[in-house]
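Participant:
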Amino acid sequence: MDTNKFSTKRRRLWPWAAMAGVVSAGAFLAAAELVALLIARDGSPILGVGSFVIDVVPQWAKELAIQAFGSNDKLFLLIGLGVGIAIAAAVAGVLEFVRPPIGVTVLIVAGVVSVASAVTRAAATPFASVPTIVGALTGSVLLYLLARRLRSWRDGVAGSDEQRANLDRRGFIRFTVTAGAIALVVGVGARAVNVASSSIAGIRKALKLPAPRSTVTIPAGAELRIPGISPLFTPNQDFYRVDTALTVPSIDPATWRLTIDGLVDKKVSLSFDDLVGMGLDEYVITLTCVSNEVGGNLVGNARWLGVPIRNILSLASPRSGADMVLSRSADGFTASTPLSALTDPGLNAILAVGMNGEPLPLEHGFPVRMVVPGLYGYVSATKWLTELKVTTFAADTAYWTPRGYSAKAPIKLSSRVDTPRINKAIEPGSTRIAGVAWAQTVGIEGVEVSIDDGDWQKATLSTPVNQDSWVQWYLDWNASSGTHYVAVRATDKNGKLQAQELSPIAPNGSTGWQKTLIRVN
1 MDTNKFSTKR
11 RRLWPWAAMA
21 GVVSAGAFLA
31 AAELVALLIA
41 RDGSPILGVG
51 SFVIDVVPQW
61 AKELAIQAFG
71 SNDKLFLLIG
81 LGVGIAIAAA
91 VAGVLEFVRP
101 PIGVTVLIVA
111 GVVSVASAVT
121 RAAATPFASV
131 PTIVGALTGS
141 VLLYLLARRL
151 RSWRDGVAGS
161 DEQRANLDRR
171 GFIRFTVTAG
181 AIALVVGVGA
191 RAVNVASSSI
201 AGIRKALKLP
211 APRSTVTIPA
221 GAELRIPGIS
231 PLFTPNQDFY
241 RVDTALTVPS
251 IDPATWRLTI
261 DGLVDKKVSL
271 SFDDLVGMGL
281 DEYVITLTCV
291 SNEVGGNLVG
301 NARWLGVPIR
311 NILSLASPRS
321 GADMVLSRSA
331 DGFTASTPLS
341 ALTDPGLNAI
351 LAVGMNGEPL
361 PLEHGFPVRM
371 VVPGLYGYVS
381 ATKWLTELKV
391 TTFAADTAYW
401 TPRGYSAKAP
411 IKLSSRVDTP
421 RINKAIEPGS
431 TRIAGVAWAQ
441 TVGIEGVEVS
451 IDDGDWQKAT
461 LSTPVNQDSW
471 VQWYLDWNAS
481 SGTHYVAVRA
491 TDKNGKLQAQ
501 ELSPIAPNGS
511 TGWQKTLIRV
521 N
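Take a look at the structure:
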């Protein structure tokens, strides 16, 4: 047969080869998910690789993802990984068709990478590598068989044996579709059962926390009833989430333990009942993510139920010379918190077990997390807490420090316009410009607003709950038609004015006055 014609017909089969690669990768993942369900729930290869990507991604890429996708950054990471896997699998399928065994080799290499990602994760079980190994073998064998059938189809075409070519074509398509359907059902089913059976939502729902010994009295005027303004307390479902966990850790309070060790006179281990038995109190604290841009929404205020960390640390008696506590999450994340911020009797740093009247939501650290007023979350707000290591900044480094962030990060004084919003025009006449401002551990003294570069006007503040909580503010304004330029700034109770100069998120939080536009019809 003419070589050129043969090559052309062979290339016409490349889409089928690509499909064979994708189906084989699907079988790889499906087999791995099934084995993970049976013997190693932490062994999912796509979750292992995804977690590895989160760990190695540079600081600029992390900030870009948060800015673009917000709390959905992990969903888009998984989608991106899925697309990348599909493309790589398609290429592997073509390579196995035209140059065997290169395609199978690609799958084996992918398996090796996935195994390395799984076994190096925090708290990886001894069997964490088994799902990926089984998956890689399954996918490799399937790709070998599919590619061989496809070459048989090609050879039938090349030999002008139409009957044989038709039989091989039907056999290949039937085999591929069947394998793909099985992989889809098994993979999705195993992942769904894994999530459902490992879910502790039922345990959390049944958990009854004891009544707090003390509650926070909310003063009259603490919440302004202005449409569009952030509520005084951010609902749990709306509270921002930024962390390094690709999937939410499942931790049963009955088996949870907290270890306090390091530079201490006595190593301490507490159960959940031990912690709760120390007595719970209510606190109102605003949390802020270091990734929050000027005017951003990665900030929230909540009622927390917990125990002062200073009481916990006192059980272990930190030694002289220690200046930092390295907190560790179940997913391996670590945060470096100044020891002084956790032991100061004037600061309400707590181990929280409740949030807005219920046990901590799973995605917000159930069963126990840290909440420290005045510090950005990456150096203080460890979720799914498992360890407090008393140490020094010189001896230990936390997760984000080598990734371009400061080891210490006090929250910056800031203010935000909530309403009117830039994307929604308002009617002319009497209206209110409103928003929130925060200066944790100090408190807000005043907020000022400037319209169209005019004089700064004093806004009206809500009654503050405490110095650790944000306050709401508003300014009455007679809006005229057109587009107006609005700026806001705050002053704290120490007389410090919010920094005007714009600075980036890294290394320790953004600064600047928010400046926005208001459109009036």
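For what it's worth, UniProt numbering labels the leading residue of the sequence shown as 1, then goes sequentially.
Ideal Cβ positions, reconstructed from N, Cα and C, are used throughout, including at glycine.
Report the CB separation of Ile-218 from Ala-330 in whole angstroms; it is logged as a contact under 8 Å.
Facilitator: The pair is not a contact, with the Cβ atoms about 33 Å apart (cut-off 8 Å).
Participant: Can you look up Val-130 in the DSSP assignment and give me helix, strand or coil?
Facilitator: It is helical.
Participant: Expressed to the nearest angstrom, what Euclidean distance is found between the alpha-carbon atoms of Gly-482 and Asn-494?
Facilitator: Roughly 38 Å separates the two Cα atoms.
Participant: Give me the Cβ distance between Asn-236 and Asn-356, rounded to the nearest whole Å; I'm assuming they're in contact under 8 Å.
Facilitator: Right, their Cβ atoms sit about 5 Å apart.
Participant: Flag this pair as touching only if the region 275 to 291 and the region 203 to 219 have three or more C-beta atom pairs under 8 Å; answer yes or no.
Facilitator: In short, these stretches touch, since the Cβ pair count reaches three.
Participant: Just mark Pro-131 as buried or exposed, buried being the case when its beta carbon has 16 or more other beta carbons within 10 Å.
Facilitator: With 16 or more other Cβ atoms within 10 Å, it is buried.
Participant: Are the beta-carbon atoms of Thr-516 and Pro-227 separated by less than 9 Å?
Facilitator: Contact: no.
Participant: How would you call Ala-395, buried or exposed, if buried means at least 16 neighbouring beta carbons within 10 angstroms?
Facilitator: So Ala-395 ends up on the exposed side.
Participant: For Ser-199, does the count of other Cβ atoms within 10 angstroms reach 16, so buried, or fall short, so exposed?
Facilitator: That one is exposed.
Participant: How about Val-390 and Leu-263: are their beta carbons less than 9 Å apart?
Facilitator: Their beta carbons are under 9 Å apart, which means Val-390 touches Leu-263 by this criterion.
Participant: Give every residue of the same chain whose Cβ lies closer than 8 Å to the Cβ of Val-35, excluding the five residues on either side of it in the sequence, and list them in chain order.
Facilitator: So the qualifying residues of the chain are Gly-43, Val-130, Pro-131, Val-134 and Gly-135.
Participant: Please classify Lys-458 as buried or exposed, where buried requires at least 16 neighbouring CB atoms within 10 angstroms.
Facilitator: Lys-458 should be labelled exposed.
Participant: Any idea if residue 522 is buried or exposed, counting beta-carbon neighbours within 10 angstroms, 16 or more meaning buried?
Facilitator: It is not possible to answer for residue 522, since the shown part of the chain is limited to 1 through 521.
Participant: Cβ atoms of Ala-183 and Ala-88: under 9 Å apart, would you say?
Facilitator: Contact flag unset, no.
Participant: Using the C-alpha atoms, what's the distance from Ala-381 back to Met-370?
Facilitator: The alpha-carbon atoms of Met-370 and Ala-381 are separated by roughly 5 Å.
Participant: Buried or exposed: where does Ile-229 fall if 16 or more other Cβ atoms within 10 Å of its Cβ makes it buried?
Facilitator: Label assigned to Ile-229: buried.
Participant: Let me know the secondary structure DSSP gives Arg-489 once reduced to three states.
Facilitator: Residue state, collapsed to three classes: strand.
Participant: For Thr-255, I'd like the list of residues in its chain whose CB is within less than 7 Å of its CB, leaving aside the five on either flank, ordered along the chain.
Facilitator: Counting only Cβ-Cβ distances below 7 Å, and skipping sequence neighbours, we find nothing.
Participant: Quick one: any contact between the region 469 to 478 and the region 320 to 334, if contact means 3 or more CB pairs under 8 Å?
Facilitator: Touching, no, given that fewer than three Cβ pairs across the two stretches are closer than 8 Å.
Participant: Taking C-beta to C-beta, are Leu-388 and Asp-265 nearer than 9 Å?
Facilitator: Not a contact, by the Cβ cut-off of 9 Å.
Participant: Expressed to the nearest angstrom, what Euclidean distance is found between the alpha-carbon atoms of Val-436 and Trp-304?
Facilitator: Looking at the two C-alpha atoms, the distance is approximately 20 Å.
Participant: Do Leu-375 and Ala-341 have their C-beta atoms closer together than 9 Å?
Facilitator: Result yes, Cβ atoms of Leu-375 and Ala-341 sit closer than 9 Å.
Participant: Considering Cα atoms alone, identify which of Pro-504, Val-104 and Val-471 is closest to Ala-222.
Facilitator: The residue with the shortest Cα to Cα distance from Ala-222 is Val-471.
Participant: So Val-23 is in the beta strand (DSSP E); what residue range does that whole segment cover?
Facilitator: From DSSP, Val-23 is part of no beta strand (DSSP E) but of the alpha helix (DSSP H) over 14 to 39.
Participant: State yes or no: is the C-beta of Val-379 within less than 9 Å of the C-beta of Ala-349?
Facilitator: No. Outside cutoff.
Participant: Take Val-115 and list the residues in its own chain whose beta-carbon comes closer than 7 Å to its own, dropping the five residues that flank it on each side.
Facilitator: Cβ neighbours of Val-115 beyond the five flanking positions: Ser-129, Thr-132 and Ile-133.
Participant: Go ahead and pull the three-state DSSP assignment for Asn-478.
Facilitator: Asn-478 falls in the strand class under three-state DSSP.
Participant: So, helix, strand or coil for Val-193, using DSSP?
Facilitator: Residue state, collapsed to three classes: helix.
Participant: Given that a residue counts as buried once 16 or more other Cβ atoms are within 10 Å of its Cβ, and exposed if not, what is Tyr-485?
Facilitator: Classification of Tyr-485: exposed, given that the 10 Å Cβ count is below 16.
Participant: Could you tell me whether any non-hydrogen atom of the ligand MG is closer than 8 Å to the CB of Arg-225?
Facilitator: Within the structure as shown, the ligand MG is missing, as the structure has no ligands at all.
Participant: Less than 6 Å between C-beta atoms, sequence neighbours within five positions excluded: which residues of the same chain meet that for Ala-127?
Facilitator: A small correction: the amino acid at residue 127 is Phe; Ala does not occupy that position in the sequence shown. Counting only Cβ-Cβ distances below 6 Å, and skipping sequence neighbours, we find Ile-39 and Ala-40.
Participant: Considering only residues of the same chain and omitting the five flanking positions on each side of Ala-179, which have a CB-CB separation below 7 Å?
Facilitator: Closer than 7 Å at the Cβ level, and outside the excluded window around Ala-179, lie Val-23, Ala-27 and Leu-142.
Participant: Gly-509 to Lys-412, Cα distance in whole Å?
Facilitator: Roughly 7 Å between the two C-alpha positions.
Participant: Rounded to the nearest angstrom, what separates Val-91 and Leu-339 at their Cα positions?
Facilitator: Looking at the two C-alpha atoms, the distance is approximately 53 Å.
Participant: Are the CB atoms of Gly-93 and Gly-189 nearer to each other than 9 Å?
Facilitator: Contact: no.
Participant: State the Cα-Cα distance for the pair Pro-507 and Lys-74, rounded to the nearest angstrom.
Facilitator: Roughly 22 Å separates the two Cα atoms.
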